[in-house]
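Novice: Straight run, no breaks: the sequence shown in our numbering ends on number 474.
If you scroll down you'll find the structure; I have some questions about it.
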Amino acid sequence: MNSHRLRKVMAGLLVLCGQQAVADYPQFADDPQLSAGRAVWIGTCEGCHGYGFAGAPMPTDAQAWQPRLDKPIELLYQHALEGFFGPDDTMMPARGGNDALTDAEVKSAVDYMVEFARQHAVPDNE
C-alpha cells in the first residue's frame, strides 16, 4: 500500500475512532492547568493515546501506565517535548507531532494524561 493511500486509510480510522464522546474523558473544572491539558490532549494526543495507535499507551490501561506513573514528571515532560523511542519499536514524536504546541501546552497535556491514568491505576494493595 502506498503512503498516500495509507494516510487516507489512517485518517478514516481516526474519524471512526473519534466516535467516542469527548464527554467520556475526565474533566478537571477546578484546575485550569488540567482543563488546558484536556483541550490539548483532545486536539493532539487523543489520536494515538485515545486508541492505542502505534503502541501509544492509553490512559485507561493501568498496566501500561503504572511504570510511567512511577517516573519523575520531569522525565515524562522531556519525552513529550523531545520525543522518545520506547520498547517494542514504539515512538513518541516530539510534541505529539504538533510543532505548534508551546512547552506549557505540552506539559499541561502530560499533566492531564497523568491524572487521567491515575484514575485507572491499580491500588497498591491489589
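The C-beta atom is built at its ideal place from N, Cα and C for all residues, glycine as well.
In this text, all values refer to a predicted model and were calculated from it rather than measured experimentally.
Compute the beta-carbon to beta-carbon distance between V458 and R443, rounded to the nearest angstrom, for a pair I have assumed lies under 8 Å.
Specialist: Not a contact, Cβ separation roughly 11 Å.
Novice: Going by other Cβ atoms of all chains shown within 10 Å of its Cβ, with 16 needed for buried, is G385 buried or exposed?
Specialist: When all chains shown are included, G385 counts as buried.
Novice: Specify the secondary structure class of F432 as computed by DSSP and reduced to three states.
Specialist: The answer is strand: DSSP assigns F432 an E or B state.
Novice: In the structure shown, what three-state DSSP assignment does M439 receive?
Specialist: Residue state, collapsed to three classes: strand.
Novice: Skipping 5 residues on each side, what residues in its chain have a beta carbon closer than 6 Å to that of P407?
Specialist: So the list reads M461, F464 and A465, once near-sequence residues are dropped.
Novice: Tell me which same chain residues have a C-beta within less than 8 Å of the C-beta of A469, skipping the five on either side of it?
Specialist: For A469, where only same-chain residues beyond five positions count, the Cβ hits under 8 Å are A410, W413, Q414 and L417.
Novice: Considering only C-alpha positions, which residue in the set L424, Q426, A404 and E430 is nearest to D437?
Specialist: Nearest option by C-alpha distance: A404.
Novice: Leaving out five residues before and five after D451 in sequence, what residues of the same chain have Cβ atoms less than 7 Å from its Cβ?
Specialist: The answer, listed in chain order, is L429.
Novice: Spatial neighbours of C393 within its chain, please: CB distance less than 7 Å, with the 5 preceding and 5 following residues excluded, ordered by chain position.
Specialist: Answer for C393: G444, A457 and M461, listed in chain order.
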